[in-house]
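Asker:
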Amino acid sequence: MHTPAMRPGTIETVIYLIVAVNHADRKTEYIDVEARGTQRIYVENRMASPYKPLHKGDFAIVGGMPSRKPHTLLLRIFSTETSYGYEPLDGWPTNEKTTGK
1 MHTPAMRPGT IETVIYLIVA VNHADRKTEY IDVEARGTQR IYVENRMASP
51 YKPLHKGDFA IVGGMPSRKP HTLLLRIFST ETSYGYEPLD GWPTNEKTTG
101 K
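Counting in full-length UniProt numbering, the sequence shown runs from 1 upward without gaps.
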């Protein structure tokens, strides 16, 4: 059985997040999060909140297993602030192409 996202010609919206986890005793760890379906809607609603629930120091848990297929994401940052009012990670270049996994 095919889900709507699996049918040929269907477009699926996916949110890719890179979450920075600061450890007191180790280096900062960067975790890739891929949100689809109801998880994507949850993340979008959290990001659109005026209280900035995903801002530095806070986190959201997106359920599910990490993707087993490798994805390469071409990220272009043209602004120091996202459309939801969040600033990119400290030290990220603006107006440049950044490739990540």
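Think of the CB as a built atom: it goes at the ideal place given N, C-alpha and C, for glycine as much as any other residue. Predicted, not measured: the structure shown is a model, and the values here were computed from it.
According to the neighbour-count rule (16 or more other Cβ atoms, all chains shown, within 10 Å of its Cβ), is A35 buried or exposed?
Answerer: Buried.
Asker: Residues in the same chain with beta-carbon distance under 7 Å from H23, minus the five sequence neighbours each way, listed in chain order, please.
Answerer: Excluding residues within five positions, the ones whose Cβ falls inside 7 Å are E29.
Asker: Measuring CB to CB, does I18 end up less than 8 Å from D32?
Answerer: In this structure, D32 lies closer than 8 Å to I18 by Cβ.
Asker: Rounding to the nearest angstrom, what Cα-Cα distance links E12 and D25 in this structure?
Answerer: Going from the Cα of E12 to the Cα of D25 covers about 39 Å.
Asker: Quick check on I11: does DSSP put it in helix, strand or coil?
Answerer: Coil at I11, not helix or strand.
Asker: Under 6 Å Cβ to Cβ from T38, same chain only, skipping five residues before and after it: list those, please.
Answerer: So the list is empty, once near-sequence residues are dropped.
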